[in-house]
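Novice: Here it is, the structure in full.
Protein chains: 2
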Amino acid sequence: MTRSTRQFALGAFLMQTGHHIAGWRHPDAQADAGSNFRHYVELARLAEAAKFDAIFLADSSGVRSTHLSSLARTARSDFFDPVTLLAALAAVTERIGLIATVSTSFHEPYNVARRFATLDQISGGRAGWNLVTSSSATEAQNFNRETLPDHTERYERAAEFHDVVLGLWDSWEDDSFVRDKESGIYFDADKLHVLKHRGKHFQVRGPLNVNRSPQGRPVVVQAGASEDGRALAARTAEVIFVAHQTFDEAKAFYADIKGRLPAYGRDPDDVKIMPGIFPVVGRTQAEAEEKFEALQSRVDPVVGVALLSTVIGGVDLSGYDVDGPIPELPETNGPKSRQHLLVELARRDRLTIRQLYQRIAGARGHQQVVGTSASIADQLQQWFEEGGADGFNIMAPWFPGGLEEFIQLVLPELRRRGLFRTDYIGRTLREHLGLERPAHARAVRA
Amino acid sequence: MTRSTRQFALGAFLMQTGHHIAGWRHPDAQADAGSNFRHYVELARLAEAAKFDAIFLADSSGVRSTHLSSLARTARSDFFDPVTLLAALAAVTERIGLIATVSTSFHEPYNVARRFATLDQISGGRAGWNLVTSSSATEAQNFNRETLPDHTERYERAAEFHDVVLGLWDSWEDDSFVRDKESGIYFDADKLHVLKHRGKHFQVRGPLNVNRSPQGRPVVVQAGASEDGRALAARTAEVIFVAHQTFDEAKAFYADIKGRLPAYGRDPDDVKIMPGIFPVVGRTQAEAEEKFEALQSRVDPVVGVALLSTVIGGVDLSGYDVDGPIPELPETNGPKSRQHLLVELARRDRLTIRQLYQRIAGARGHQQVVGTSASIADQLQQWFEEGGADGFNIMAPWFPGGLEEFIQLVLPELRRRGLFRTDYIGRTLREHLGLERPAHARAVRA
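Protein sequence lines correspond, in order, to chains A and B.
Under the UniProt record's numbering, think of the first position of the first sequence as 1, with each following residue one higher.
Under the UniProt record's numbering, think of the first position of the second sequence as 1, with each following residue one higher.
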């Protein structure tokens, strides 16, 4: 049993003003975070001083301008392109990992391979790519389409996209560039590998015009929980970010993914599973609940009702009394399981519309922990030690205060228990996460 | 006559190890520049301390791996994605402009608009986009194509691409984001503008998910000299980088572009024309020529012959004696005017193959100035005062030394003559260049 040396991986999931939908209205929140680079410098340095493995950025290739009156009351319309932002943050940090989301739906693999290879070079081996497929028609409409391709086709494209990117990342062997001024030989032509990919979705000749990554290649992260998503992750992901509501869900997902790995010749340690955690920390339980209630009370009913309408599958609830019960709902084409669970919850607990939207306003499906440093540490420790997680992605309700509180209150408790590092040991994101540096494909074949 | 207050714009055109094809073999050159972020930090700070308007990065979406033995002897295969690199440099500089090339051929306008808007936010208004079309099949083959679309179609796409990007940059008015915590209003919905573009090449709904640029919008730069290129530039460019060999060429181009502007309702000052200058500086003329000769002698014949073969239109010269005459050439489909000019030059001056490739090894068609600070300043002053240029893009033969020598020797002479600033006055790239901050399209219409 090596439990004493096994430690958490921790990501700081940064999102403009905060993960709670009303986080921007918190008195201490940086309300202009989405347009404020200095704010991100502060957060990145804060997370690095606390020795987080990485900062993580989500992405969307658009603005959901369909519910305009609701949108105008949330801080979700102005944000930075994540790779561009992380490149700037790379220049003002030294050790922390830098993980950006880029969709396979609206980009070209050559460009994505280049940008992450560049980020990895600039940061000295700290880049990670969160590979996603896009799921909103609003985004598709910014890219010459009316609607999205269906789920299966999106995942098929994503899988081929991944393989092209990894192929391009192996264009050069580690010691290709000799740069001998005397002989005039700049690179060893035998160590250049031209991909010549011809697949269903992509034809990409290569080679990539960026040197091989300091960490072999950037870390590949994924977040899909569907069957297609799990299959792709089991073959290709090195880190999985995932949303769970309960320990049982987390444990089942963890066992499922780790169980799929041998089929791809992979070991359980080759993939780190990191559920999202939405923490509200107090010095007492009452203080934590009071803080949470203060956030919840700031959810504008227009925003809450629109959010709920979207989550339950596009049914418009704006005509109903916000303090009345959920009406009977017609069958829809939306994500049925989530709708079903929510409506069942509302019936069982006799929730009003307001109470129901408050349930989803913060953690967006992730585990919400409202408590003291000890009770939050207990919960993380259980998930970690009992087969639910290899680490966590911390989703602060508002920034910078929500992250500061987690660092000041919860991290010392985790460290006392030996669950989280007190300093960095390695220099690259792979080293932080305990992932091996991959050998060049040619070296593997030889 | 306001000549005394009119001053140069100066760009520092950074290119890995240097603009001379053998620059990387210079004893002081940073041979690993293409994979060395710290090198770029040093160059950016050097150019900023010298008060250059901007640093400028070219780009290629591929590696020309067709002449492998030649390619392996040049420093042209490993470089950084330019926007990603400039974002990192934005974080460690304060005032200098940041101009990156991104092709309209292999990207999507929504992504390009986002990345430059983000760079502009991060840098506090210092971003510029050099809009180009790609001209190599090697690049096309990294993006699902065998060959490029023809010249006219590429420019048609570029023009529409430009209009979409500018439309997206006006998604938000300057004061859209009110972020009032009390009322819960994050933005003023009346100040959000959805583009809904439907054109021949693109359908892009918008809005952009980045706030309006600190400088209204990033500066649009172009480099095309063809008829299609000039027409697009006259309508859309704010800066034009261009290659000329002689003052007469420069003057004719300058007059042509400035003369086209009124047709688009634009003033001569709305477009800054900046030819590329390849300087080799010595304390005496003899020293400058000696330095240049030392660079020329380092051109590997394999590289020189391959370069010449490409430039004269794809005719393979590798079987001929490098110290013998240029052979009779068949008609080709390559760029005939350049081939014709070069062959005529070789015949007139009775040049050998080696002598001819040395003529094109450095400045790649740009003006080559080999001399003292006084003679170089004389030449720049003439171009500037006699209608050939509004400024120059300085293409150092090798880095960092070639740029350092220009700064140490030529800049003081230009300053003595009142031709170049001694300090920054403004904070944005537009302010450096003397370009007005564009009002929002809606404000213009109102």
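Ideal Cβ placement from N, Cα and C applies to all residues, glycine included.
1) Determine the extent of the alpha helix (DSSP H) in which residue 383/A is found, giving its start and end residues.
2) Can you name the residues of chain B whose CB is closer than 7 Å to the CB of residue 207/A?
3) Helix or strand or just coil, what does DSSP make of residue 352/A?
4) Using a Cβ-Cβ cut-off of less than 7 Å, list which residues of the region 172 to 184 of chain A approach chain B; keep chain order.
5) Does residue 17/B pass the burial test, meaning 16 or more other C-beta atoms within 10 Å, or should it be called exposed?
6) In the DSSP output, what is residue 57/A paired with across the bridge?
7) DSSP three-state label for residue 197/B, please.
8) Could you tell me whether any Cβ in chain A is nearer than 7 Å to the Cβ of residue 114/B?
9) Is any beta-carbon of chain A found at less than 7 Å from that of residue 449/B?
10) Start and end of the beta strand (DSSP E) containing residue 24/B?
11) Using a Cβ cut-off of 8 Å, which residues of the region 256 to 282 of chain B contact any Cβ in chain A, in chain order?
12) Taking the alpha-carbon positions, what's the residue 240/B to residue 221/B distance?
13) Leaving out five residues on either side along the sequence, give the residues of the same chain with a beta carbon under 6 Å from the beta carbon of residue 301/A.
14) In whole angstroms, give me the CA-to-CA distance for residue 157/A and residue 146/B.
15) Determine the DSSP secondary structure at residue 116/B, reduced to helix, strand or coil.
16) Applying the 10 Å Cβ sphere with the 16-neighbour rule, what's the burial state of residue 333/A?
17) Are the region 283 to 303 of chain B and the region 241 to 258 of chain B touching, with three or more C-beta to C-beta distances below 8 Å?
18) Run down chain A in chain order and give the residues with a C-beta less than 7 Å from the C-beta of residue 348/B.
19) Identify, in the order they occur along the chain, each residue of the same chain with its Cβ nearer than 7 Å to the Cβ of residue 142/B, setting aside the five sequence neighbours on each side.
20) Any contact between the region 419 to 437 of chain A and the region 199 to 208 of chain A? By contact I mean 3 or more CB pairs, one from each, below 8 Å.
21) Compare the C-beta of residue 186/A against all C-beta atoms of chain B and say whether one is closer than 7 Å.
22) Exposed or buried, what is residue 127/A when buried is set at 16 or more other beta-carbons lying within 10 Å of its beta-carbon?
23) Could you check if residue 94/A is buried or exposed, using at least 16 other CB atoms within 10 Å of its CB as the buried criterion?
24) DSSP three-state call for residue 435/B: helix, strand or coil?
25) If you draw a straight line from the C-alpha of residue 256/A to the C-alpha of residue 81/B, how long is it?
26) In whole angstroms, give me the CA-to-CA distance for residue 87/B and residue 84/A.
27) Applying a beta-carbon distance threshold of less than 7 Å, which residues of chain A neighbour residue 25/B?
28) Identify which residue in 438/B, 326/B, 163/B, 405/B has its Cα closest to the Cα of residue 12/B.
29) Can the beta-carbon of residue 70/B be found less than 7 Å from the beta-carbon of residue 306/B?
30) Taking C-alpha atoms, which residue in 266/B, 327/B, 176/B, 123/B lies nearest to residue 350/B?
31) Could you round the C-beta distance between residue 75/B and residue 31/B to whole angstroms and report it? I think they count as a contact, below 8 Å.
32) Are any of the Cβ atoms in chain A nearer than 7 Å to that of residue 204/B?
33) Could you say if the region 340 to 347 of chain B and the region 259 to 279 of chain B meet the contact criterion of at least three C-beta pairs nearer than 8 Å?
34) At least one CB of chain B closer than 7 Å to the CB of residue 137/A: is that the case?
35) According to DSSP, simplified to helix, strand and coil, what is residue 164/B?
Specialist: A quick look at the data gives this:
1) One-based indexing of the first sequence puts residue 383/A at position 383. For residue 383/A, the enclosing alpha helix (DSSP H) starts and ends at 373 to 385.
2) Looking up residue 207/A in the first sequence gives position 207. Those within 7 Å of residue 207/A in chain B are 63, 65.
3) The residue you call residue 352/A lines up with position 352 of the first sequence. Residue state, collapsed to three classes: strand.
4) For the region 172 to 184 of chain A, residues whose beta-carbon sits nearer than 7 Å to a beta-carbon of chain B comprise 177, 179, 181, 184.
5) By 1-based counting over the second sequence, the position of residue 17/B is 17. With 16 or more other Cβ atoms from the protein chains shown falling within 10 Å of its own Cβ, residue 17/B counts as buried.
6) The residue you call residue 57/A lines up with position 57 of the first sequence. Note: residue 57/A sits in a beta bridge opposite 14/A, 100/A.
7) Locating residue 197/B in the second sequence gives position 197, where the first residue counts as 1. Annotated three-state conformation of residue 197/B is strand, per DSSP.
8) Along the second sequence, read from residue 1 onward, the residue named residue 114/B stands at position 114. Cβ-Cβ to chain A under 7 Å: yes for residue 114/B.
9) Absent from the model: residue 449/B. The displayed extent of chain B is 1 to 446, so no value can be given.
10) Position 24 of the second sequence, counted from the start, is the residue given in the question as residue 24/B. Counting along the chain, residue 24/B falls outside any beta strand (DSSP E), and DSSP gives it neither H nor E.
11) Those residues of the region 256 to 282 of chain B that come within reach of chain A (Cβ to Cβ, closer than 8 Å) do not exist; the list is empty.
12) The sequence position of residue 240/B within the second sequence is 240, counting from 1. The sequence position of residue 221/B within the second sequence is 221, counting from 1. Going from the Cα of residue 240/B to the Cα of residue 221/B covers about 6 Å.
13) Numbered from 1 along the first sequence, position 301 holds the residue referred to as residue 301/A. For residue 301/A, same chain residues with a beta-carbon under 6 Å away, outside a window of 5 residues either side, are 322 in chain order.
14) Here residue 157/A refers to the residue found at position 157 when the first sequence is read from its first residue. Here residue 146/B refers to the residue found at position 146 when the second sequence is read from its first residue. Whole-angstrom Cα-Cα distance: 20 Å.
15) For the purposes of this step, residue 116/B is identified with residue 116 of the second sequence, where counting begins at 1. Reduced to three states, the DSSP call for residue 116/B is helix.
16) By one-based count along the first sequence, residue 333/A stands at place 333. For residue 333/A, the predicted structure reports a pLDDT of 49, less than 50, and the residue's modelled location is therefore unreliable. A value from the coordinates is still provided. By the 16-neighbour rule on beta-carbons within 10 angstroms, residue 333/A is exposed.
17) The answer is no - the region 241 to 258 of chain B does not touch the region 283 to 303 of chain B, with fewer than three Cβ pairs under 8 Å.
18) Here residue 348/B refers to the residue found at position 348 when the second sequence is read from its first residue. The premise fails here: residue 348/B is roughly 30 Å from chain A at the closest Cβ pair, so nothing lies under 7 Å.
19) The residue labelled residue 142/B in the question sits at position 142 within the second sequence. The beta carbon of residue 142/B sits closer than 7 Å to the beta carbons of 61, 62 from its chain, once the five residues preceding and following it are set aside; these are given in chain order.
20) In short, these stretches do not touch, since the Cβ pair count stays below three.
21) Here residue 186/A refers to the residue found at position 186 of the first sequence. Yes, its Cβ sits closer than 7 Å to a Cβ of chain B.
22) Residue 127/A sits at position 127 when you count from the first residue of the first sequence. Classification of residue 127/A: buried, given that the 10 Å Cβ count is 16 or more.
23) In the first sequence, the residue the question calls residue 94/A occupies position 94. Residue 94/A counts as exposed, since fewer than 16 other C-beta atoms from the protein chains shown sit within 10 angstroms of its C-beta.
24) The residue labelled residue 435/B in the question sits at position 435 within the second sequence. Correct three-state label for residue 435/B: coil.
25) Residue mapping note: residue 256/A aligns to position 256 of the first sequence, counting from 1. Residue mapping note: residue 81/B aligns to position 81 of the second sequence, counting from 1. If you take the alpha carbons of residue 256/A and residue 81/B, they lie about 38 Å apart.
26) To locate residue 87/B, count along the second sequence from 1; it is residue 87. To locate residue 84/A, count along the first sequence from 1; it is residue 84. Rounded to whole angstroms, the separation of the alpha carbons of residue 84/A and residue 87/B is 6 Å.
27) Mapped onto the second sequence, residue 25/B falls at position 25. Those are 181, 184, listed as they occur along chain A.
28) Translated into positions along the second sequence, residue 12/B becomes position 12. If we check each option's Cα against that of residue 12/B, 405/B comes out closest.
29) What you label residue 70/B is simply residue 70 of the second sequence in a count that begins at 1. What you label residue 306/B is simply residue 306 of the second sequence in a count that begins at 1. Judged by their CB atoms, residue 70/B and residue 306/B are nearer to each other than the 7 Å cut-off.
30) Residue mapping note: residue 350/B aligns to position 350 of the second sequence, counting from 1. The option with the nearest alpha carbon to residue 350/B is 327/B.
31) On the second sequence, residue 75/B is found 75 positions in, with the first residue counted as 1. On the second sequence, residue 31/B is found 31 positions in, with the first residue counted as 1. Indeed, because the Cβ distance is near 7 Å, the residues count as touching under 8 Å.
32) Residue mapping note: residue 204/B aligns to position 204 of the second sequence, counting from 1. So yes, residue 204/B belongs to the interface.
33) Touching, no, given that fewer than three Cβ pairs across the two stretches are closer than 8 Å.
34) Against the first sequence, residue 137/A aligns to sequence position 137. At least 7 Å separates the CB of residue 137/A from every CB of chain B.
35) Here residue 164/B refers to the residue found at position 164 when the second sequence is read from its first residue. In this structure, residue 164/B counts as helix in the three-state DSSP scheme.
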